[in-house]
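A quick write-up on the structure given underneath.
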Amino acid sequence: MENQQAVVTGTPPVVTEGLDNKLDLRKKARPHEMLIQGFLFFSGAVSILTSIAIVIVLGNEALLFFQTPTWAEVRDETDAIVSLSAEITEDTTSLPLAENKGQFLKAGQKIRLDNEIMQIVAVEGDVLTVERGLEDTTKVAHQPQTHIRLEGDNISLVEFLTGTSWQPHIGEFGVLALVSATLTISFIAMFVALPLGVGVAIYLSEYASEGSRNKIKPILEILAGVPTVVYGYFALTFITPILQGILGKETLGIYNMLSAGIVMGIMILPTVASMSEDALRAVPRALREASYGLGSTKLETSTKVVLPAGISGVVAAFILGMSRAVGETMIVAIAAGARPFFSFNPFEAAETMTGHIARISTGDLPRTTIDYNSLFAIGLTLFLVTLVLNIISRQVSTWLREEYD
Amino acid sequence: MSVSENTTASTTQYLPNEEQLQKNIARRNRQAKFWEYVFLASIILAIVSLLMLFFSIIRQTFSYVVVYNQVNPDTLADKPLEELSSDELTAVIITFYQSDANDLRTLVFNEVLGLSSSDQQAIRDRERAKETVTVKEIAGDKNKEYPAESAEKSIIRLTVPEYAQFIQLNFDDDALYDFVVEYVVQPLIVGSWPLDEYLLDRDSIDADIIQIEDQLREINDDPSIEVSEPKLRSWLQWHLIVDTIDLSRPEDAGLRTAILGSLMMISITILVALPLGVGAAIYLEEYAQGGWMERLIQTNIDNLAGVPSIIYGILGLALFVRILDDITQGRTILSAALTMALLILPVIIINAQEAIRSVPDSLRQASYGIGSTKWQTVWNHVLPNAMPGILTGTILAISRAFGETAVLVVVGSITRITVDPSGPLSRYTVLPLQIYALITQPQAQFRNVAAAGILLLLAILLSLNAAAVILRNRFSKRAV
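Protein chains in written order, with my numbering: chain A, 1 to 405; chain B, 1 to 480.
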């Protein structure tokens, strides 16, 4: 009591003194907090910058890809590659050819030997007279058997999007050859992941007790946390031999789309299952009770009431799973092979967009090659496809969502 | 009139009688039971897949191998090698290396003295400058025994018996025996079969072994060649962690360079991604006032989380490896770490946002009530309370970065590197990428090494995830 008294009596003088001195109660300037806020804003902006960088980098380099002329090897009637028959040195300006292939080369055309670009001045029989060291390339000696590459047209966007042959060495860049493999493998993956994932989701949300749910979910999380390179190993050393045992080694090679697709399905199973389960569990309990009240069995309730009510989430999970399958790299790089041919046959080896990017970028890829630029064109295609799938996935869950209040 | 008659008729027609009803219910219940098992089966299938995945790695980590001795031990002495005394073993070394003093010297330098390649170069340089590098100096420097009579001789000019004596003095009997086995007998693993194949399909393996023996006999033109009996070998050995990669001998291949590379890259990644990620989350949750800017950033982060990792690889290749070449020096740990930071940023941000959002608003109000500024509130109250959640998210992001391969394939680490990374600007390789390189080797035994590497990788990831789960549990207990 005494203490309190003392405080009360002690207070007034302090206040008066403060007021006399016009105690400044206004907000103080805190420059370091401004700085911190600036940093926080910057952190948020980094993600935007990343997106912009992705678009600019992919777009810019892909544009270069569509502007660079292709260099295709000169081939004769029998489709054999035409090459030099003798070494040509610094001083020589004529190119002796292995055989007379003069009719394939005309004056005025640009050709390339190794990295040197030349222009043909005249063609006489099998001797070409050329102007050497064009476009800032250096004049160097060339060995016999060096392939002669002829300048082709730029790759048009239409050609890129509709062509079905991906053979950079003859100047053919049809991305459908890679897309076909991506589609086949993704389809197999979804064929595995969708029924299994929805089955798992229905069991977990409708049948399993809370206890067993808590035991099963961590197992799915482990499955989701395994690095993709391990899945690739699993596909190559375990699933492929088993499939070969069933189908025969003649039908199924070591590298094939089937095994890669099945394992990819197992990989995206946790994504599909947990997203679908979330959607099913969000369906209000009243709907289930009403269904049971009409005498439905658990199955009828699950498949005719709960599943339709939660379908938006299941469809969103399906599309998101598809997007992950399209973007997955290591499984296909390890188990699907390196054969960029247009094919939908799951027993064959093939190369997806991601698999191709991984293969050609292994090692030190020189910047000036068309391979380097094609990387970005494929990357841009991949980016757009997954972006569209992701956006649809998010939209679907809002479009199809039934509101229950 | 006729209408109502019709209705009555059709109703009775469609209403099942008692017997039909019972049948119908029984059928529906059977159906329900059947599908319950189907749903259960999909869960079991998922679990079986996981078990198969682990099994596929275990069976290759522990495999049955047959060994071919490049030098038949029976020809070295009249007794089995294990029974030889230290002197007799030394004699075996002397006989075997009789004409190869150089090879033996290299072995002494590497195995006995443990000289690094730069040390060895220094010795050679000094000798070339007509200086005598004595045995006493080098061996004394490394605290090794040396024969007294050769103390003042040049260490690179000893005779074979002198080198052999040097080895004998420094190795006990077991070590000497191991040395003889490794460098005289030189066993080579010529065949390897997964655990289950050996246990279940012995016949075809016996046929394989005969084929391998025939091939060896043909190559070496020696009909007496025999390989050892198949024996169990664990590829997960200590040397896997401490040795560098050797793409010519699978039994000696180690992953030290890759492990160090992974650790170094991850450290830099965290240093970059954690402040940026938490900063962005604080900005979005505490500072942004719900305007278009916040919506834009939020949508953008959600989209970035769905971009395939290989796209980040391409971005890193163009941005960090090529454009910022002056800072990152090209294909270095730094450019890989920066690329990886961009990749895990959305994961960190989304988790940190969740954690910050779950901090009760009353804490903020109380803090403002006593006159704190926004930043003081965030720093003193919001962040400490959100920390466990932020850390959980960060650990999950790290475990993703640890196992990520596709990005680094594109950004370009080297798989044949044997030099440990020395700093952010050194070239490097990482564990998952090294595993990828091992898988793509033609020689089948590298698959065994890859399997052992995968076990190592999974062990690291599982402990990281376990740490995250423990943190999360502690956090949720505190919140209640």
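Positions of the beta carbon are idealized from the N, C-alpha and C atoms, including for glycine.
No experiment lies behind these values; they were computed from the predicted model shown.
- Per DSSP, the continuous beta strand (DSSP E) segment holding residue 68/B begins and ends at 62–69.
- By the neighbour-count definition (other C-beta atoms within 10 Å, threshold 16), residue 72/B is an exposed residue.
- Within a 10 Å sphere around the beta-carbon of residue 390/A sit 16 or more other beta-carbons, which makes this residue buried.
- Identification of residues in the stretch 262–296 of chain B having a C-beta nearer than 9 Å to some C-beta of chain A yields 275, 276, 277, 278, 279, 280, 281, 282, 283, 284, 286, 287, 288, 293, 294, 296, given in sequence order.
- By the neighbour-count definition (other C-beta atoms within 10 Å, threshold 16), residue 474/B is an exposed residue.
- Against chain A, a Cβ distance below 8 Å from residue 140/B picks out nothing, because the smallest value is about 45 Å.
- As the crow flies, the alpha-carbon of residue 272/B is around 56 Å from that of residue 86/A.
- For the pair of segments examined, the stretch 56–73 of chain B was found not to touch the stretch 170–178 of chain B: the number of CB pairs separated by less than 8 Å stays below three.
- No Cβ-Cβ contact shorter than 7 Å links residue 60/B with residue 250/B.
- In this structure, 453/B is the residue among 462/B, 471/B, 458/B, 453/B with its C-alpha nearest to the C-alpha of residue 235/B.
- CA-CA distance, residue 225/A to residue 459/B, rounds to 12 Å.
- For the stretch 387–464 of chain B, the full-length alpha helix (DSSP H) segments reaching 4 residues or more read 406–411, 431–439 along the chain.
- Identification of chain A residues near residue 447/B by a Cβ-Cβ cut-off of 7 Å yields 237, ordered along the chain.
- In the three-state DSSP reduction, residue 129/A falls in the strand class (E or B).
- Distance from the CA of residue 383/B to the CA of residue 298/B, rounded to the nearest whole angstrom, comes to 20 Å.
- At a cut-off of 7 Å between beta carbons, residue 117/A makes no contact with chain B.
- Neighbours of residue 57/A in chain B, taken as residues whose beta carbon is under 8 Å from its own, are 314, 315, 318, 319 in chain order.
- Sequence-distant Cβ neighbours of residue 124/B in its own chain, meaning closer than 8 Å and more than five residues away, are 156.
- Looking only at 257/A, 374/A, 271/A, the smallest Cα-Cα distance to residue 332/A is reached by 257/A.
- In the assembly as shown, residue 282/B is a buried residue. Its beta-carbon has 16 or more other beta-carbons within 10 Å.
- Of 192/A, 284/A, 24/A, 291/A, the smallest CA-CA separation from residue 322/A is found for 192/A.
- Under the 7 Å criterion on CB atoms, residue 114/B is classed as non-interfacial with respect to chain A.
- For residue 231/B, the secondary structure class from DSSP, reduced to helix, strand or coil, is strand.
- With distances taken between CA atoms, residue 62/A lies nearest to 376/A out of 113/A, 351/A, 139/A, 376/A.
- Residue nearest to residue 315/B within the set 403/B, 342/B, 160/B, 396/B is 342/B (criterion: CA-CA distance).
- Among the residues facing chain A, residue 16/B is not included, as its CB has no counterpart in that chain under 7 Å away.
- Taking a Cβ-Cβ cut-off of 7 Å, the neighbours of residue 39/B in chain A comprise 199, 202, 203, 207, given in sequence order.
- The stretch 26–36 of chain A makes contact with the stretch 371–389 of chain B, as at least three CB pairs between them are under 8 Å.
- Membership of residue 69/A in the beta strand (DSSP E) is indicated by the continuous run 69–73.
- With contacts defined as CB atoms closer than 7 Å, residue 151/B and residue 133/B fail to qualify as a contacting pair.
- Inter-residue distance for residue 368/B and residue 27/A is about 13 Å (C-alpha atoms, whole angstroms).
- Beyond the five residues adjoining it in sequence on each side, residue 353/A comes within less than 6 Å, by CB distance, of 178, 182, 378, 382 in the same chain, given in chain order.
- Counting only the Cα atoms, residue 17/B lies some 51 Å from residue 264/A.
- Under the three-state reduction of DSSP output, residue 250/B falls in the helix class.
- If you draw a straight line from the Cα of residue 259/B to the Cα of residue 409/B, it comes to about 16 Å.
- Residue pairing of residue 297/A in beta bridges, as defined by DSSP: absent, with no partner found.
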